[in-house]
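Working notes for the structure below.
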Amino acid sequence: MRIYIDFDDVLCETARHLSDLAHELFGRQVPYEAISGFDLQQAFSLSGTEIASLMEHAHRDDFLAGLTPTPGGVEGVRALESLGHELVIVTGRPAISHPGSCGWLRKHGLAHLGLLHVDKYGRADTRRTDADVPQTLDRDAFAEQRFDVAIDDSPLALDLLAPRRDCLVIVYDRPWNRRYAQTANMRRSDSWTEIVALIGGRS
Ligand SMILES: [Mg+2]
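For the sequence shown, the positions run 877 to 1079 when the numbering used here is used.
Below, the structure is given as structure tokens:
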């Protein structure tokens, strides 16, 4: 099976690190459990300038390299590979973060995995402007990609996956998606052990 795995908050604990970064840069105290919406500008009460600065820091190689893996995430990826599945990391991160993102994958022994940048949030520049970074797929190009299973946490990404009736969508449980209205093809989990078991039994 071909499996889509989101990067932030599925493979690594990005929101927890962003919460620490917002505290460090702007003195905001918003613990992870209190991040009830996916809009971080709103969640951390940031101005337009502040959120731009936060995201600029968040896409730096050193910040990306320091992101903690989710519990059992790297092991889960390896377990799925050993079952013979084809895995693709599908991220909404901007293409400018590609080298830093690849650095994280290398650090955790996952450099061989494909990393697709997709305009999940409808705000990316999908024109190829820099030869050093890959093109970001627009939503039409993404729709042409077939996946049997997809794992994501972001409500906007889940909306893109909802019409794929033949794709099992695993909602990676996070405070900001707990009120998400799941469709019939969706299951919720916060455990990579459970995710591997859910996928492992399918063919
Ligand atoms: Mg995510």
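Cβ atoms here follow ideal geometry from the backbone N, Cα and C, with glycine treated the same way.
Residue i Cβ short of 7 Å to ligand 1 heavy atom set
i	result
D882	yes
S1030	yes
D885	yes
With 16 other Cβ atoms within 10 Å as the buried cut-off, status of residue i
i	result
H993	buried
G903	exposed
T1012	buried
S1030	buried
D995	buried
A919	buried
A971	buried
S895	buried
Cβ distance (whole Å) where residue i is taken to contact residue j below 8 Å
i	j	result
I927	V1025	No, I927 and V1025 are not in contact; Cβ-Cβ is about 32 Å, not under 8 Å.
H893	L943	6 Å
R1063	L1044	7 Å
R999	D884	Actually they are not in contact, since the Cβ atoms of R999 and D884 sit about 15 Å apart, beyond 8 Å.
W1052	G949	Incorrect: roughly 18 Å between the Cβ atoms, too far for contact.
E909	T946	The pair is not a contact, with the Cβ atoms about 16 Å apart (cut-off 8 Å).
A1007	W980	Between W980 and A1007 the Cβ distance is about 22 Å, and since that is not below 8 Å, they are no contact.
M877	R1078	7 Å
V964	G990	5 Å
Nearest to residue i (by Cα), restricted to the options the options
i	options	result
G952	L1034, I881, A1057	I881
F1018	Y997, D1029, D1008	Y997
Y1056	A1007, S895, L901, L1032	L1032
E962	A1060, R1022, V1009, A910	R1022
V886	G990, V966, A1060	V966
Q1058	D1028, G990, I1071	D1028
D1016	D1008, T1002, A1007	T1002
A891	A1007, L916, L1034	L916
A1073	L959, T925, Q905, L897	L959
D937	K983, I1071, L989	K983
H988	E957, H935, V1009	E957
G1076	E1020, F939, R954, S923	R954
**Message:** Quick check: the stretch 1035-1052 against the stretch 970-977, are at least 3 beta-carbon pairs closer than 8 Å?
**Reply:** no
**Asked** Any chance the stretch 927-943 sits against the stretch 1048-1057, with 3 or more Cβ pairs inside 8 Å?
**Response** Two segments are said to touch when three or more pairs of C-beta atoms, one from each, lie closer than 8 Å; by this definition the stretch 927-943 does not touch the stretch 1048-1057.
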